[in-house]
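Undergrad: Please read through the structure below; I'll follow up with questions.
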Amino acid sequence: MRRLTALALCLFWIALLQSAEIRDDALWLEIYLADGAQLNLNAVDTQLPVFTITEQTSPISRQVQGHLKISFMNWDKLPFWGLLNRIEPLTSAMDDGDYAMRQSFVWQDDALVLKREKLVFEPQSFHSQASALDYAQQTGFPAQQVHAIPMLNATVKVVAGDKDYYFETPLHIQSQQEIRIGEQRLSFGGEFIIKAMGEKLLITHLISLEDYIAGVIQNEIGSGAPLEALKAQAVTARTHAVSQLLYNRHRGDGYDLCSGVHCQVYKGRYLSNANIVRAVEETAKEVLITEHRIADATYHSSCGGKTDSSANIWKSTPLEHLMGVTCLDEAEEYDLSTEQGARRWIDVVTNDPLASSWERANLGWKKDVTRSRLAQNLGLKSVSKIEILKRGHSGRIIQMRITGNKTVTLDSEYRIRQAFGGLPSSLFY
Numbered sequence: 001m002r003r004l005t006a007l008a009l010c011l012f013w014i015a016l017l018q019s020a021e022i023r024d025d026a027l028w029l030e031i032y033l034a035d036g037a038q039l040n041l042n043a044v045d046t047q048l049p050v051f052t053i054t055e056q057t058s059p060i061s062r063q064v065q066g067h068l069k070i071s072f073m074n075w076d077k078l079p080f081w082g083l084l085n086r087i088e089p090l091t092s093a094m095d096d097g098d099y100a101m102r103q104s105f106v107w108q109d110d111a112l113v114l115k116r117e118k119l120v121f122e123p124q125s126f127h128s129q130a131s132a133l134d135y136a137q138q139t140g141f142p143a144q145q146v147h148a149i150p151m152l153n154a155t156v157k158v159v160a161g162d163k164d165y166y167f168e169t170p171l172h173i174q175s176q177q178e179i180r181i182g183e184q185r186l187s188f189g190g191e192f193i194i195k196a197m198g199e200k201l202l203i204t205h206l207i208s209l210e211d212y213i214a215g216v217i218q219n220e221i222g223s224g225a226p227l228e229a230l231k232a233q234a235v236t237a238r239t240h241a242v243s244q245l246l247y248n249r250h251r252g253d254g255y256d257l258c259s260g261v262h263c264q265v266y267k268g269r270y271l272s273n274a275n276i277v278r279a280v281e282e283t284a285k286e287v288l289i290t291e292h293r294i295a296d297a298t299y300h301s302s303c304g305g306k307t308d309s310s311a312n313i314w315k316s317t318p319l320e321h322l323m324g325v326t327c328l329d330e331a332e333e334y335d336l337s338t339e340q341g342a343r344r345w346i347d348v349v350t351n352d353p354l355a356s357s358w359e360r361a362n363l364g365w366k367k368d369v370t371r372s373r374l375a376q377n378l379g380l381k382s383v384s385k386i387e388i389l390k391r392g393h394s395g396r397i398i399q400m401r402i403t404g405n406k407t408v409t410l411d412s413e414y415r416i417r418q419a420f421g422g423l424p425s426s427l428f429y
């Protein structure tokens, strides 16, 4: 059979997957929504919500009406952190010993499968990450062995009006009404999971992969995009989501995917419309593959003139379909890998009539960052010198040196953006 090097569109049959949860041949995921010492679940309107709360280790459910305030009992005595001794494959024959389970995704036999592992911790446990790190330093344990303990049976107090209830985590919570979490303006409905992670309570949205995509594409391409563009975005977003599951970005965080730009922007039903739903339904279970595996389908809201190779941006293995291209004709005449060329291009005012309003807004931007803020972000006392060491093909800075009371070298586009307070791009001067 002829080997394919180009991307191919195929059907991705979720029924073949061994996932954390399969319902009616659909993969369900946990999407991060919020965390904190206390979680407040509030109604969107004046009608009090009705929640069905179930302990995941118990078949018994309880219906609770009203705004919920959920917090730990005996928070100051809980062992949130530990020292990871070893990781072993988890088999069905194992007993109920003193260990935690971790799940991760792997690509095996042309399918996405779930790998379960046994985490064995040292007998010592700690209330805070700081105390665990102090102990590790004193006893010679590597700092990377300090992990949040996935806690089962941590007791939480749930306050609804003038009534108190007590449950053991993890909790499965269902609400037919849309609810808001804390002060968030976004609302979500359906199923949620609450668990103890680190020193906080974590709430995730438990939804199918297809419903997740229906809450992503309008926030990445715009709800008013043409139907065929929405369908293309749905395939891309679905491919990107499955690819991220394989990277296991949030394996140790207690959820599958986050809801921000680190993964993809997920806002539930916000800005949803009939075309969004249709685009997802008409491309259901379709993803891009290359070389017999899920493609890395990263994308952007604005290309900046030229894109760069994935190897430059993420210091990873070069991928044939992510080598960087020119996407604005005006950028072709500039060598953006040079400081002079990059600065000249940044100063050019482009006016692409086909660009969306947010593409135009993101193509040119300005942000002020004080030296003291930069120093704080990098753990420095002061900043005296900033040097751009290397730009990629697209003009994005991929290596930078910052000197203060000590010298810090940033060698990835993402680290550079974060150091300056979360910039939209490292294409700046």
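Be aware that the sequence shown starts at 1, since it is given in our numbering, and climbs by one per residue.
Think of the CB as a built atom: it goes at the ideal place given N, C-alpha and C, for glycine as much as any other residue.
Since this is a predicted model, take the numbers as computed values, not measurements.
Return the first residue and the last residue of the beta strand (DSSP E) that Q65 is part of.
TA: From DSSP, the beta strand (DSSP E) with Q65 extends over S61 to Q65.
Undergrad: Since E191 is in the alpha helix (DSSP H), which residue starts that stretch and which ends it?
TA: Here E191 belongs to no alpha helix (DSSP H); instead the beta strand (DSSP E) covers F188 to M197.
Undergrad: Determine the burial state of G254: buried for a count of at least 16 other Cβ atoms within 10 Å of its Cβ, exposed for fewer.
TA: That one is buried.
Undergrad: Helix, strand or coil for L209, going by three-state DSSP, please let me know.
TA: In the structure shown, L209 sits in a helix (DSSP, three-state: H, G or I).
Undergrad: Since I believe Y429 is in contact with A311 (beta carbons under 8 Å), could you give me their beta-carbon distance rounded to a whole number of angstroms?
TA: Not really, about 23 Å apart at Cβ, beyond 8 Å.
Undergrad: Could you please give the first and the last residue of the uninterrupted beta strand (DSSP E) stretch that includes Q38?
TA: Q38 to A43 is the span of the beta strand (DSSP E), which, as asked, contains Q38.
Undergrad: So L29 packs on D256, CB below 8 Å; how close in whole Å?
TA: Confirmed, about 4 Å.
Undergrad: Could you please give the first and the last residue of the uninterrupted alpha helix (DSSP H) stretch that includes I149?
TA: Neither: I149 is in no alpha helix (DSSP H) and is coded neither H nor E.
Undergrad: What is the DSSP secondary structure of L68, reduced to helix, strand or coil?
TA: Three-state DSSP puts L68 in a strand.
Undergrad: Return the residue from the list R401, A237, C263 and T236 that minimises the CA-CA distance to Y247.
TA: Among R401, A237, C263 and T236, the Cα nearest to that of Y247 belongs to C263.
Undergrad: Between the alpha carbons of L319 and L133, how many angstroms are there, rounded?
TA: Approximately 38 Å between the Cα atoms of the pair.
Undergrad: Am I right that D308 and R396 are in contact with their C-beta atoms under 8 Å? What's the rounded C-beta distance?
TA: Yes, D308 and R396 are in contact; Cβ-Cβ is about 6 Å, under 8 Å.
Undergrad: Near G422, what residues of its chain come up, given a Cβ to Cβ distance below 7 Å and the 5 sequence neighbours on each side ignored?
TA: Excluding positions up to five away in sequence, the list is empty.
Undergrad: Judging by CA-CA distance, which residue of I149, K115 and P142 is the nearest neighbour of P123?
TA: That would be I149, whose Cα lies nearest to the Cα of P123.
Undergrad: Contact check, A143 vs A136 under 8 Å by CB: the rounded distance?
TA: Yes, A143 and A136 are in contact; Cβ-Cβ is about 6 Å, under 8 Å.
Undergrad: Measure the C-alpha to C-alpha separation of A214 and L206 and round it to an integer number of angstroms.
TA: Approximately 14 Å, taken between the alpha carbons.
Undergrad: Using alpha carbons as the reference points, say which of V383, D109 and M323 lies closest to D296.
TA: Considering only alpha carbons, the answer is M323.
Undergrad: Report the three-state DSSP secondary structure of Q47 (helix, strand or coil).
TA: Three-state DSSP puts Q47 in coil, outside helix and strand.
Undergrad: Determine the burial state of E183: buried for a count of at least 16 other Cβ atoms within 10 Å of its Cβ, exposed for fewer.
TA: When all chains shown are included, E183 counts as exposed.
Undergrad: Please return the same chain residues whose Cβ sits closer than 8 Å to the Cβ of L90, not counting the five positions on each side in sequence.
TA: For L90, where only same-chain residues beyond five positions count, the Cβ hits under 8 Å are M101, R116, E117 and K118.
Undergrad: According to DSSP, is T298 helix, strand or coil?
TA: Coil at T298, not helix or strand.
Undergrad: Could you compute how far the alpha carbon of L9 sits from the alpha carbon of R238?
TA: Its pLDDT being 41, under 50, L9 is placed unreliably in this model, and the value from its coordinates should be taken loosely. Going by the C-alpha atoms only, they are around 12 Å apart.
Undergrad: What does the Cβ neighbour count give for Q244, buried or exposed, with the cut at 16 atoms within 10 Å?
TA: Classification for Q244: buried.
Undergrad: Measuring CB atoms only, is the stretch 370-382 touching the stretch 391-406, in the sense that at least three cross pairs come out at less than 8 Å?
TA: The answer is yes - the stretch 391-406 touches the stretch 370-382, with three or more Cβ pairs under 8 Å.
Undergrad: Indicate the three-state DSSP secondary structure (helix, strand or coil) for D109 in the structure shown.
TA: It is coil, neither helix nor strand.
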